[in-house]
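Novice: Residue 274 in the UniProt record's numbering sits at position 274 of the sequence shown, with consecutive numbering throughout.
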Amino acid sequence: LLIPAPGAAFPVSGHASSPPAAAALRPYPAHIRRLDRRVRRRRRGRRLPLHHPLPQLARPPPRAPQIPRPGPSVRPATLSSPIPFHGGRGSPSPRVSHRGVALTVLQNYMLNARVNEELVAAAGVEEGDVVLEIGPGTGSLTAALLAAGATVVAVEKDKHMATLVRDRFGSTEQLKVIEEDITKFHVHSHFLPILEEKSRGTKKYAKVVSNLPFNVSTEVVKQILPMGDVFSVMVLMLQDEAALRLANASIQTPEYRPINVFVNFYSEPEYKFKVERANFFPQPTVDGGVIRFKIKDAGEYPPVSSNKSFFSMVNSAFNGKRKMLRKSLQHLYSSADIEAALTNIGLPPTARPSELMMDDFVRLHNYLGNV
1 LLIPAPGAAF PVSGHASSPP AAAALRPYPA HIRRLDRRVR RRRRGRRLPL
51 HHPLPQLARP PPRAPQIPRP GPSVRPATLS SPIPFHGGRG SPSPRVSHRG
101 VALTVLQNYM LNARVNEELV AAAGVEEGDV VLEIGPGTGS LTAALLAAGA
151 TVVAVEKDKH MATLVRDRFG STEQLKVIEE DITKFHVHSH FLPILEEKSR
201 GTKKYAKVVS NLPFNVSTEV VKQILPMGDV FSVMVLMLQD EAALRLANAS
251 IQTPEYRPIN VFVNFYSEPE YKFKVERANF FPQPTVDGGV IRFKIKDAGE
301 YPPVSSNKSF FSMVNSAFNG KRKMLRKSLQ HLYSSADIEA ALTNIGLPPT
351 ARPSELMMDD FVRLHNYLGN V
C-alpha cells in the first residue's frame with residue numbers, strides 16, 4: 001500500500017496518466033499495513049483474532065503474617081510471657097501458628113498485660129469470685145483473673161484455642177474450659193451449681209470479664225444482661241465507638257437506638273477507658289473501649305406488665321425512627337389511644353421515638369396496656 005508524498009498528485013482512476021514516480025510515494029504506516037493484512041485474511045476465511053489476550057500471570061503466594069514489634073504505646077516489659085499473642089478478639093485476622101496450634105480468624109490478641117489487669121480491676125474481681133470469660137484466646141486475661149484468685153469458666157468456640165488454654169494452665173481447679181459457642185451456652189446449668197457451692201448460705205453472683213470478638217458484642221450483651229439472677233457485673237472490651245454508644249447515647253441523637261433502652265432497662269452502663277489499637281495484634285482499624293455494666297436484679301427492673309411486650313413496642317417504635325409514634329405504633333394501638341397516652345405522660349402528640357427516654361417508654365407502655 002502506497003500513499004502519495006505531501007504535495008504529490010494522487011492518480012485518479014479512469015485517467016490515462018502515467019504512474020507516479022516511486023520517489024513521490026511512501027508506504028502506509030506499519031500498523032495500518034498489519035491491520036489491512038488481517039482484514040484480507042479474514043475475508044479469505046481464515047479466522048484470525050485481531051487482538052490476542054495477554055497471558056495470565058500467576059498470582060504470587062500469600063505472604064506469611066509478620067509478627068509486629070511492640071509500638072510506642074506497648075513496652076516490651078509489659079508483654080505477657082511465654083506466649084506473645086494474648087486472648088481477645090475482634091476484626092478478621094490471618095490464621096497464624098504458635099507452637100503447632102493455629103491462632104484462628106476473628107481475633108485481635110492483646111499485647112499489653114496492663115490492660116488485662118485494668119479489666120480485672122474494673123470488674124472488682126476478688127479472691128473467691130466466679131468469673132465467666134468469653135473467648136479466652138491464648139489466655140492472658142485468664143492468667144490475670146486466676147492471679148486475682150477467681151474461679152474462671154472460659155467458654156471458647158475454637159477447639160485449637162481451647163486446647164492451647166488447657167495446655168497453658170494445666171490441671172488447675174480454678175479453671176474450667178468449655179468448648180462451645182457462647183450464643184448456645186446454657187449459663188444456668190453451668191453456673192448455678194458452682195455458685196451454690198461457694199455461697200455458704202448467702203446469695204452469690206458471678207461476674208463476666210471478656211475481650212469480646214467485636215462482631216458478636218451485641219449478641220452477648222442481649223444474652224447476659226437479663227441474667228440478673230446469675231451475674232452482678234459485666235466488663236467488656238468492645239470497639240470504642242460501640243462502648244461509647246452503649247454507655248452515653250443521648251436522646252434526639254443518631255446514636256440513640258433500641259439497644260440503649262434495653263441496656264438501661266437491665267443495667268447501669270458506665271464507660272471506663274479507651275484502649276489504643278496499637279495494643280492489639282493484628283492491629284485493628286479501630287480503638288478498643290472498656291464498658292462496665294452493673295447488672296440489675298429482677299426486682300430492680302422498671303415496672304412493666306411484660307418485658308416481651310415492652311420491647312416489642314420499643315422495637316416497633318424505632319422501626320420508623322423519624323416517624324411520629326402515632327404512626328409507627330398504629331399497627332399495635334389506635335392513633336387516638338397513642339395520642340392520649342403521650343398527652344398523659346407529658347409529651348406532645350407529635351413525639352418521635354428518639355425523644356423518649358427509657359422511663360417515658362415504660363409509662364407509655366403501661367398506659368397503653370391498660371387501655
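For glycine and all other residues, C-beta sits at the position ideal for the given N, C-alpha and C.
What are the boundary residues of the beta strand (DSSP E) that includes residue 156?
Specialist: That run of the beta strand (DSSP E) goes 151-156.
Novice: Keeping to the same chain, check which residues put their C-beta closer than 7 Å to that of residue 124; ignore five residues upstream and five downstream.
Specialist: Once the five neighbours on either side are set aside, the close Cβ partners of residue 124 are 233.
Novice: Under three-state DSSP, which class holds residue 303?
Specialist: Coil at residue 303, not helix or strand.
Novice: By the 10 Å Cβ neighbour count, where 16 or more other Cβ atoms means buried, how is residue 210 classified, buried or exposed?
Specialist: The residue is buried, with at least 16 neighbouring Cβ atoms inside 10 Å.
Novice: Tell me the rounded alpha-carbon separation between residue 154 and residue 284.
Specialist: Cα-Cα distance, rounded: 24 Å.
Novice: Residue 261: which of 353, 298, 182, 171 sits nearest, CA to CA?
Specialist: Out of 353, 298, 182, 171, 353 has the C-alpha closest to the C-alpha of residue 261.
Novice: When the Cβ atoms of the region 230-246 are set against those of the region 301-311, are three or more pairs found closer than 8 Å?
Specialist: No: the two stretches stay apart, fewer than three of their Cβ pairs being nearer than 8 Å.
Novice: Under the DSSP definition of a beta bridge, which residues are partnered with residue 275?
Specialist: Residue 275 is bridged to 288.
Novice: Could you tell me which residues DSSP pairs with residue 372 in its beta bridges?
Specialist: As shown, the chain starts at 1 and ends at 371. That puts residue 372 outside it, with no answer to give.
Novice: What residue range is occupied by the uninterrupted beta strand (DSSP E) comprising residue 233?
Specialist: Where residue 233 is concerned, the enclosing beta strand (DSSP E) stretches over 231-239.
Novice: Report the three-state DSSP secondary structure of residue 134 (helix, strand or coil).
Specialist: In the structure shown, residue 134 sits in a strand (DSSP, three-state: E or B).
Novice: With DSSP collapsed to three states, give me the class of residue 164.
Specialist: In this structure, residue 164 counts as helix in the three-state DSSP scheme.
Novice: Residues in its own chain within less than 6 Å of residue 293 by CB, not counting five upstream and five downstream?
Specialist: These residues qualify, in order along the chain: 234, 267, 269.
Novice: Roughly how many angstroms lie between the CA atoms of residue 358 and residue 325, to the nearest whole one?
Specialist: Approximately 15 Å, taken between the alpha carbons.
Novice: Any idea what DSSP makes of residue 360, helix, strand or coil?
Specialist: Helix, per DSSP.
Novice: What first and last residue would you give for the beta strand (DSSP E) that runs through residue 373?
Specialist: There is simply no residue 373 to check, as the chain begins at 1 and stops at 371 in what is shown.
Novice: Evaluate the contact criterion for the region 313-321 versus the region 335-348: three or more CB pairs, one atom per stretch, below 8 Å.
Specialist: Segments in contact, no.
Novice: In the DSSP assignment, find the unbroken beta strand (DSSP E) run with residue 209 in it and report its ends.
Specialist: From DSSP, the beta strand (DSSP E) with residue 209 extends over 206-211.
Novice: Distance cutoff 7 Å, beta carbons only. Does residue 295 sit that close to anything in chain D?
Specialist: No chain D appears in the structure shown, which is made up of a single protein chain.
Novice: Provide the residue span of the alpha helix (DSSP H) that contains residue 216, from first to last.
Specialist: Residue 216 -> no alpha helix (DSSP H), and no H or E assigned at all.
Novice: Output the boundary residues of the alpha helix (DSSP H) element that contains residue 226.
Specialist: Taken as a continuous stretch (DSSP letters only), residue 226 belongs to no alpha helix (DSSP H), as it is neither H nor E.
Novice: Within the continuous alpha helix (DSSP H) that includes residue 261, where are the two ends?
Specialist: Unbroken alpha helix (DSSP H) run through residue 261: 258-266.
Novice: Can you check DSSP and say which residues form a bridge with residue 270?
Specialist: Partner(s): 292.
Novice: Would a C-beta distance cut-off of 7 Å place residue 291 and residue 271 closer than the cut-off?
Specialist: In this structure, residue 271 lies closer than 7 Å to residue 291 by Cβ.
Novice: Look at the alpha carbon of residue 366 and the alpha carbon of residue 346, and state the distance between them as a whole number of angstroms.
Specialist: For residue 366 and residue 346, the distance between alpha carbons rounds to 14 Å.
Novice: Give every residue of the same chain whose Cβ lies closer than 7 Å to the Cβ of residue 78, excluding the five residues on either side of it in the sequence, and list them in chain order.
Specialist: Confidence at residue 78 is low in this model, with a pLDDT of 40, below 50, so its placement is unreliable and the value that follows should be read with caution. Answer for residue 78: 112, 113, 114, listed in chain order.
Novice: Do residue 179 and residue 159 have their CB atoms nearer than 7 Å?
Specialist: It is a contact, given that the beta carbons lie within the stated cut-off.
Novice: Out of curiosity, what's the CA-to-CA distance linking residue 259 and residue 227?
Specialist: When rounded, the distance between both Cα atoms is 16 Å.
Novice: Would residue 182 and residue 134 qualify as a contact pair, given that the criterion is a beta-carbon distance under 7 Å?
Specialist: Yes, these two residues count as a Cβ contact at 7 Å.
Novice: Between residue 218 and the rest of its own chain, which residues show a CB-CB distance below 6 Å, the 5 nearest in sequence each way excluded?
Specialist: Same-chain partners within the cutoff: there are none.
Novice: Quick check on residue 324: does DSSP put it in helix, strand or coil?
Specialist: Coil at residue 324, not helix or strand.
Novice: Applying the criterion that 16 or more other CB atoms from any shown protein chain within 10 Å of the CB defines a buried residue, is residue 329 buried or exposed?
Specialist: With 16 or more other Cβ atoms within 10 Å, it is buried.
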